[in-house]
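Asker:
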Amino acid sequence: MAMRRQTAVLTALLSPVTLFLGVFFLLPLLIIAVFSFLTPGLYGGVEWAFYPWNYGRIFGWADGIMEIYEPIYLQIMARSLGFAAMTVVLCLLLCYPVAFWVSRLPARWRLLFLFLITLPFFSSLIVRLYAWLLILKPSGLLNTVLLGIGVISEPLEILYTPAAVVLGMVYVMVPFMFLPLFSSIDNLDRALVEASMDLGATRFQTFIKVILPQTLPGILGGAVIVFIPSVGNFIVPDVLGGAKGLMIGNLVEQQFLSARNWPFGSALSMIVMAVVLTVLLTSITFAKRKGGQNA
Amino acid sequence: MKLFGLAASLAVMASMAQAEETLALYNWGDYINPDILTKFTEETGIKVTLDTYSSNEEMLAKIQAGATGYDIVFPSVHMNDIMLKLGLLEKTDINLSPDFKNIDPANLRSKEDPTSSYCLPYAWGTVGVFYNEKVTGPISSWADFFAVPEKTGGKITLLDDMREVLAIGLMTNGKSVNSTDPADVQLATDYILAHKASVSAFTYDSMAMLASGDIAAAHFFVGGNVFFVDMPDIKYMIPSEGATMYQENICVLASAPDKENAKKFMEFYLRPEIAAMNVAQQYNGTANVPARDLIPEAIKNNPNITVSADTIARLHIFEDIGAALKLYDRAWNTIRTAQ
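Listed in order, the protein sequences are those of chains A and B. Heads up, my numbering is the position in the first sequence plus 343, with the first residue counted as 1. Heads up, my numbering is the position in the second sequence plus 819, with the first residue counted as 1.
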């Protein structure tokens, strides 16, 4: 009796979530998956006939008449993954020490700092990126200040370079790295750190053997949350990179708009998803194995 | 009793809501003088809402995906043709309106609707080069434009638009901007790739950068002139090898909820003083012949905005190229991936 009631309650509680995920996540995903195997419509949309060359264009079995295999799609994918990985590493290097510092602050200051970290979310991403454009351009704030105090004699050429893209991505993603990192660093068992030092471990040994393993869940969580949107980001390369280096996100956007090729865009999206899923599963497996060692 | 009163007042409110006439425009960003909408509402009592898009394809994708509630869209001529083929537009018989005689027949450019029984020519203009003469000196061709970085150290930008950029490569090679021949598109790709290193960015943000001196020249729409009224050093030119032109039409959607109001708006826009109001704020060309006498002198006398017949002869307009779009897409990917 109790069991059945529990089941009923559970069903009632879970069904809205299931329905939500089903309608807003699984169904669109299914549409993309199906579209990726269909014939592109002349003016967008799809024709309901099987078409193997959306993937063929990417991986090498195009017929050479309707569709041509070109390696640039995989190159674009590789470059996007490289940029995303760089974003993850830079965010981590930036956030790790800061998270330690914040976790040592008095509670009041800590709250203020956490609020400041989330503050950028209050304004639109596009507006914030245009602000960066104004900062980075040759006559912008950064160059004016650096020239003014005499650090440089010629304006720095940052805008419309890959460096500007990385900077913009790191700026956008820092909060997503900071929050999971902070929560795991804040929960760090300081007694273990003291014990390690007392027992003669060097600072470096303590960091590697005691601190790093304990904060690994935060590092992995932050890395995954930063990596996934970074792979598909197309606004930052457009606004700050001058649209000169095509990223996979730009390519997908272009297929749905100017190229009017929804199936090819869907096929590219499926590949991005497969890559992201692989990264996710690998990191979960890695975290589990590490967790197992600690226990 | 109280309940009855509430129901009655609700009914009154509902009928008021019905009485409120509306018109929903879906237009390019910053592409209509807001005073025109105010004046239309003042005269007709029809409340106008305005949503914006940034490319033909964005608009098409949204309408195709089933977006409803819009009455009027402003597609470029080739998109007007595509939308007609897809059955997305409503026949308005605007060409039977008495004021239709104001429209220049040269502006009836739609291939699918050559008599304008669906859409009304809205505005047209050129896509050329803005340059800071103090930095670049006088320039008059695409060759001059691409040589600016090497000669002067000034930066240049192109539009972030697949067909506009490839059109430059086609025109400089003497090919049609609507070519569907892979060899022509390859020539165009090679031309752009040869100059890619000189191009700082593919962007629409170039006008502010030109005004602040961060770039020296930019590929942009004639409407950009509006930013440089007080900056005589910034000039605009139509390159000698050729340039593209655009024209947008006012079209009523087949799914439009207020088709009658939409027709009223088209008729309103046929009036010369209204078309002239738009030119005064937008700095582009009008298809309305009597309106051409009503536009501000500064615009009328600017040879770059009000272009001469031999300049018009150098202009090319995009047509729908159907499945050949794939050629351009591949070329554009190559251009944007090349280091």
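The C-beta atom is built at its ideal place from N, Cα and C for all residues, glycine as well.
(1) Going by the CB atoms, is the gap between residue 419(A) and residue 589(A) shorter than 9 Å?
(2) Which residues in the same chain as residue 1119(B) place their Cβ atom closer than 7 Å to its Cβ, once the five residues preceding and following it in sequence are excluded?
(3) Give a yes or no on whether the minimum CB-CB distance between residue 600(A) and chain B is below 9 Å.
(4) For residue 1165(B), which residues of its own chain have a beta-carbon under 6 Å away from its beta-carbon, when the five flanking residues on both sides are left out?
(5) Are any of the Cβ atoms in chain B nearer than 9 Å to that of residue 491(A)?
(6) Pull the bridge partners of residue 390(A) from the DSSP assignment, please.
(7) With a threshold of 6 Å on Cβ separation, who are the neighbours of residue 360(A) within its own chain once the five nearest residues in sequence on each side are excluded?
(8) Are the stretch 945-957 of chain B and the stretch 1049-1067 of chain B touching, with three or more C-beta to C-beta distances below 8 Å?
(9) State the start and end residues of the unbroken alpha helix (DSSP H) segment that holds residue 557(A).
(10) Let's see if you can read the secondary structure: which residues bound the alpha helix (DSSP H) around residue 1070(B)?
(11) Could you please give me the residues that DSSP links to residue 869(B) through a beta bridge?
(12) Checking the sheet assignment: what are the DSSP bridge partners for residue 943(B)?
(13) Along chain B, in chain order, which residues have C-beta atoms closer than 7 Å to that of residue 419(A)?
(14) Would a check of beta-carbon distances place residue 529(A) closer than 9 Å to chain B?
(15) Using a Cβ-Cβ cut-off of 6 Å (strictly less than) and excluding sequence neighbours within five positions of residue 870(B), which residues of its own chain qualify?
(16) The beta strand (DSSP E) with residue 420(A) in it runs from where to where?
(17) Looking at chain A, which residues of the stretch 1023-1037 of chain B have a Cβ within less than 8 Å of any of its Cβ atoms?
(18) Ends of the alpha helix (DSSP H) at residue 594(A)?
(19) On the three-state DSSP scale, how would you describe residue 467(A)?
(20) Which class does residue 1010(B) belong to by DSSP, given the choice of helix, strand or coil?
(21) Hey, could you find the ends of the beta strand (DSSP E) residue 1019(B) is sitting in?
(22) Using DSSP's beta-bridge definition, name the partner residues of residue 951(B).
(23) Is it true that the CB of residue 408(A) sits closer than 9 Å to the CB of residue 610(A)?
(24) For the alpha helix (DSSP H) that contains residue 1081(B), what are its first and last residues?
(25) Please report the residue range of the beta strand (DSSP E) in which residue 901(B) lies.
(26) May I have the straight-line CA-CA distance separating residue 545(A) from residue 592(A), to the nearest angstrom?
(27) Is residue 922(B) helix, strand or coil when you go by DSSP?
(28) Tell me the rounded alpha-carbon separation between residue 470(A) and residue 479(A).
(29) Would you list, in sequence order, the uninterrupted beta strand (DSSP E) runs of no fewer than 3 residues that lie entirely inside the stretch 344-374 of chain A?
(30) Pull out every residue of the stretch 991-1004 of chain B whose Cβ sits closer than 8 Å to any Cβ of chain A, in chain order.
(31) Using alpha carbons as the reference points, say which of 453(A), 452(A), 475(A) lies closest to residue 463(A).
(32) Around the C-beta of residue 933(B), are 16 or more other C-beta atoms found within 10 angstroms, so that it is buried, or is it exposed?
(33) Going by DSSP, what residue range makes up the beta strand (DSSP E) through residue 1037(B)?
(34) Using the Cα positions of residue 1023(B) and residue 874(B), report the straight-line distance between them to the nearest angstrom.
(35) Cα separation between residue 446(A) and residue 388(A)?
(36) Count the C-beta pairs between the stretch 512-529 of chain A and the stretch 484-497 of chain A that are closer than 8 Å, then say yes if the count reaches three, no if not.
Answerer: So, from the data block:
(1) Looking up residue 589(A) in the first sequence gives position 246. Looking up residue 419(A) in the first sequence gives position 76. Yes, these two residues count as a Cβ contact at 9 Å.
(2) Residue 1119(B) sits at position 300 when you count from the first residue of the second sequence. Counting only Cβ-Cβ distances below 7 Å, and skipping sequence neighbours, we find 1125.
(3) Here residue 600(A) refers to the residue found at position 257 of the first sequence. Yes, because at least one Cβ of chain B sits closer than 9 Å to the Cβ of residue 600(A).
(4) Here chain B covers residues 820 to 1158 and nothing more, so residue 1165(B) does not appear.
(5) The count along the first sequence starts at 1 and reaches residue 491(A) at position 148. No, its Cβ sits nowhere closer than 9 Å to a Cβ of chain B.
(6) Translated into positions along the first sequence, residue 390(A) becomes position 47. Answer is 382(A), bridged to residue 390(A).
(7) Numbered from its first residue, the first sequence carries residue 360(A) at position 17. Close CB contacts of residue 360(A) within its chain, under the 6 Å cut and outside five residues either way in sequence, are absent.
(8) Short answer: they touch.
(9) Taking the first residue of the first sequence as position 1, residue 557(A) is located at position 214. If you look at residue 557(A), you'll find it in the alpha helix (DSSP H) that goes 555-575.
(10) Your numbering for residue 1070(B) matches position 251 in the second sequence. Careful: residue 1070(B) lies outside any alpha helix (DSSP H), inside the beta strand (DSSP E) at 1062-1071.
(11) For the purposes of this step, residue 869(B) is identified with residue 50 of the second sequence, where counting begins at 1. DSSP lists 844(B) as partners of residue 869(B).
(12) Working through the second sequence from its first residue, we reach residue 943(B) at position 124. Answer by DSSP bridge pairing, in chain order: 1066(B), 1104(B).
(13) Within the first sequence, residue 419(A) is the residue found at index 76, counting from 1. By Cβ distance, chain B contributes 1156.
(14) Taking the first sequence and counting its residues from 1, one reaches residue 529(A) at position 186. By this cut-off, residue 529(A) is not an interface position.
(15) Numbered from its first residue, the second sequence carries residue 870(B) at position 51. Excluding sequence positions up to five before and after residue 870(B), its CB lies within less than 6 Å of the CB of 845, all in the same chain and listed in chain order.
(16) In the first sequence, residue 420(A) corresponds to position 77, counting from 1. Residue 420(A) -> not in any beta strand (DSSP E); alpha helix (DSSP H) instead, spanning 415-446.
(17) 1024, 1028, 1031, 1032, 1033: these are the residues of the stretch 1023-1037 of chain B whose beta carbon lies less than 8 Å from some beta carbon of chain A, given in chain order.
(18) If you number the first sequence from 1, residue 594(A) lands on position 251. DSSP places residue 594(A) inside the alpha helix (DSSP H), whose first and last residues are 591-599.
(19) Locating residue 467(A) in the first sequence gives position 124, where the first residue counts as 1. Looking at residue 467(A) - three-state DSSP - the assignment turns out to be coil, as it is neither helix nor strand.
(20) By one-based count along the second sequence, residue 1010(B) stands at place 191. Residue 1010(B): helix per DSSP, three-state reduction.
(21) Translated into the one-based positions of the second sequence, residue 1019(B) becomes position 200. Segment 1018-1021, the beta strand (DSSP E) holding residue 1019(B).
(22) Counting from one through the second sequence, the residue named residue 951(B) turns up at place 132. Residue 951(B) is bridged to 1053(B).
(23) Start at 1 with the first residue of the first sequence, and residue 610(A) comes out as number 267. Start at 1 with the first residue of the first sequence, and residue 408(A) comes out as number 65. Taking 9 Å as the cut-off, the Cβ atoms of residue 610(A) and residue 408(A) do not count as close.
(24) Stepping through the second sequence from its first residue, residue 1081(B) is reached at position 262. Residue 1081(B): member of the alpha helix (DSSP H) spanning 1078-1089, first to last residue.
(25) The residue you call residue 901(B) lines up with position 82 of the second sequence. Note, residue 901(B): premise wrong, no beta strand (DSSP E); alpha helix (DSSP H) at 896-904.
(26) One-based indexing of the first sequence puts residue 545(A) at position 202. One-based indexing of the first sequence puts residue 592(A) at position 249. Approximately 45 Å between the Cα atoms of the pair.
(27) In the second sequence, the residue the question calls residue 922(B) occupies position 103. Residue state for residue 922(B) is assigned as strand, using DSSP reduced to three classes.
(28) Numbered from its first residue, the first sequence carries residue 470(A) at position 127. Numbered from its first residue, the first sequence carries residue 479(A) at position 136. Taking the straight line from one Cα to the other gives about 14 Å.
(29) Listed in chain order, nothing qualifies, since the stretch 344-374 of chain A has no complete beta strand (DSSP E) run of 3 or more residues.
(30) Those would be none; no residue qualifies.
(31) Working through the first sequence from its first residue, we reach residue 463(A) at position 120. For the residues 453(A), 452(A), 475(A), the minimum Cα distance to residue 463(A) belongs to 475(A).
(32) Residue mapping note: residue 933(B) aligns to position 114 of the second sequence, counting from 1. Answer is exposed; the Cβ neighbour count stays below 16.
(33) For this step, residue 1037(B) is matched to residue 218 along the second sequence. Annotation: the continuous beta strand (DSSP E) that includes residue 1037(B) extends over 1036-1040.
(34) Here residue 1023(B) refers to the residue found at position 204 when the second sequence is read from its first residue. Here residue 874(B) refers to the residue found at position 55 when the second sequence is read from its first residue. Taking the straight line from one Cα to the other gives about 12 Å.
(35) Counting from 1 along the first sequence, the entry for residue 446(A) is found at position 103. Counting from 1 along the first sequence, the entry for residue 388(A) is found at position 45. Taking the straight line from one Cα to the other gives about 51 Å.
(36) When Cβ pairs closer than 8 Å are counted between the two stretches, the stretch 512-529 of chain A is seen not to touch the stretch 484-497 of chain A, the count staying below three.
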